[in-house]
Amino acid sequence: MESKSQTNCDTCVNYVYDEDYDCYTCLVNLDEDEMYRFMNGTNYSCPYYRLDDEYGVVKHQM
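Each number in our numbering corresponds to the 1-based position in the sequence shown with 414 added.
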């Protein structure tokens, strides 16, 4: 079961490399309040976090 309390963007499926900007970006457009909580909160719980689990996808396909 995925935990919605994750804040580590590095393991999120929505965190992808943008070649145009030459950096990683989030695909989710956070509203102003969500962005404020993300930038200033030490315990921000991202409601859009999904674990980028490649092994889980392969297991599901078998």
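All C-beta atoms in this analysis are idealised placements derived from N, C-alpha and C, irrespective of residue type, glycine included. Being a predicted model, the structure only gives us computed values, none of them experimental.
Taking each of Thr439, Asp434, Arg451 in turn and checking the Cα distance to Cys423, the smallest one comes out for Thr439.
Not a single unbroken stretch of the alpha helix (DSSP H) spanning 4 or more residues falls wholly within the stretch 421-450. For the pair Tyr462 and Tyr450, the Cα-to-Cα distance works out to about 15 Å.
The Cβ atoms of Leu444 and Asn428 do not sit closer than 7 Å to each other. Glu468 and Cys437 have their C-alpha atoms roughly 22 Å apart.
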